[in-house]
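Structure record follows, encoded as structure tokens.
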Ligand SMILES: Cc1cc2nc3c(=O)[nH]c(=O)nc-3n(C[C@H](O)[C@H](O)[C@H](O)COP(=O)(O)OP(=O)(O)OC[C@H]3O[C@@H](n4cnc5c(N)ncnc54)[C@H](O)[C@@H]3O)c2cc1C
């Protein structure tokens with residue numbers, strides 16, 4: 026039997042694991058982290074590598090260790106060049122990953138790793154029974170769900186019909202396998218407006234002659250994806266006083282700068298626009314259809330027609346639990362409380378039911394607009410660790 030099982034070994038799950046181990050709340054032989062990948066942070070690493078992202082958006086104090094200055098100290102000792110960027114000292118991805126790796130080695134976290142996908146979770150007397158889709162079964166005293174939504178890719182409505190018929194010329198950038206695009210396919214069309222679309226436009230414009238970015242709204246430049254006031258009592262105190270979860274959801278939606286990215290990406294996009302390597306169409310795609318073996322025609326709401334192949338979707342992830350059937354089943358079976366928006370209603374220490382915790386996107390109604398970020402992972406992990 027385990028003391029703790031963490032479901033999902035990404036940014037959120039690993040932050041909690043490091044916190045539990047370093048705070049002496051669990052030993053690695055009593056902890057299990059279940060994730061479909063063969064190593065910690067695999068999904069985050071794959072996605073950020075695919076975009077060739079160089080620096081994180083978040084500042085140097087947001088990382089997986091307990092002490093906020095741990096990454097800065099680590100950087101002084103390491104010989105990684107250009108370790109930080111800009112006023113907020115945003116860490117390079119290389120530095121961030123090297124720091125994570127050191128933490129995993131120090132804490133022995135990898136010995137708690139189990140490759141698998143959780144398909145079933147059930148209360149059995151005072152314990153939790155966890156089953157994977159490969160029929161492995163584990164018993165644990167405590168369980169934390171840290172799966173987030175990064176396995177549920179968001180495809181816009183207009184793309185769903187055409188994707189049913191081969192050839193599939195509409196690809197999401199975070200699909201497991203995305204082939205490099207041959208040079209004969211030009212222009213390359215990217216659909217999206219946020220940080221993923223911005224990184225991808227920069228990467229592909231530097232590789233190809235002609236790239237078109239189609240965005241639903243004017244590009245939004247913001248340092249972070251919500252106001253830094255949400256990191257502390259300044260905004261969180263009034264948020265936590267809201268008792269009505271519908272209003273909490275509204276506050277989160279209003280606070281998040283969805284579809285935004287930091288200034289240096291905007292400057293780079295402007296440079297590419299001037300060089301005619303990139304063009305931006307502001308409009309919503311209404312329909313699309315195959316018009317040849319490897320050609321797609323997109324029609325925007327202003328009747329603009331664009332012929333291309335393939336189209337790369339950069340519209341992020343689904344925003345709710347509807348797509349996670351095992352979680353829906355768990356909610357029904359264990360009669361777990363959810364708000365109208367479908368998200369868990371949890372206690373201040375992020376407990377959904379006795380010894381069942383959530384972290385990351387699922388803890389949003391308690392942790393607030395930063396829940397999905399590294400800062401949210403730190404807040405959530407510290408609340409859980411302090412409560413046990
Ligand atoms: C381009 C980009 C840049 C970003 N930059 C920043 C940044 O600088 N700072 C910041 O704070 N945030 C940033 N974010 C947000 C970032 O995605 C989140 O901080 C973080 O990755 C979310 O962590 P997570 O653990 O929920 O998801 P992930 O890191 O994706 O981990 C979730 C894990 O759970 C696994 N899982 C899912 N279902 C199951 C199951 N049933 N059983 C077992 N395992 C399961 C998944 O396979 C995955 O491995 C960025 C996001 C993007 C897209």
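Residue numbers (the numbering used here): 26 to 413. For each residue, glycine too, the CB sits at the ideal point set by N, CA and C. Remember, it's a predicted structure, so these values are computed and weren't measured experimentally.
DSSP three-state assignment for residue i, whether helix, strand or coil
i	result
residue 27	strand
residue 268	coil
residue 409	helix
residue 60	strand
residue 144	strand
residue 42	helix
residue 299	helix
residue 251	coil
residue 154	strand
residue 206	coil
residue 211	coil
residue 376	strand
residue 224	helix
residue 381	strand
residue 190	coil
residue 162	strand
residue 333	strand
residue 91	coil
residue 396	coil
Closer than 7 Å: residue i CB and nearest ligand 1 heavy atom
i	result
residue 397	yes
residue 62	yes
residue 409	no
residue 346	no
residue 429	In the structure as shown, the chain starts at 26 and stops at 413, and residue 429 therefore has no counterpart that could be examined.
residue 171	yes
residue 82	yes
residue 400	yes
residue 353	no
residue 59	yes
residue 386	yes
residue 38	yes
residue 252	no
residue 33	yes
Counterpart residues of residue i in DSSP-defined beta bridges
i	result
residue 315	321
residue 84	DSSP output for residue 84 lists no bridge partner at all.
residue 110	115
residue 278	Note: residue 278 sits in no beta bridge, so no partner.
residue 307	240
residue 285	245
Cα-Cα separation, residue i to residue j
i	j	result
residue 226	residue 301	13 Å
residue 393	residue 275	11 Å
residue 306	residue 216	10 Å
residue 144	residue 285	34 Å
residue 359	residue 148	7 Å
residue 66	residue 194	29 Å
residue 73	residue 223	12 Å
residue 89	residue 201	25 Å
residue 53	residue 117	29 Å
residue 244	residue 340	14 Å
Proximal residues to residue i (C-beta, below 6 Å), its chain only, five neighbours per side dropped
i	result
residue 46	132
residue 229	213, 236
residue 87	399, 400
residue 28	51, 55, 166
residue 153	165, 168
residue 404	392
Residues of its chain near residue i, where Cβ-Cβ distance is below 8 Å and the 5 sequence neighbours each way are ignored
i	result
residue 120	96, 99, 100, 103, 105, 108, 109
residue 345	174, 366, 367, 368
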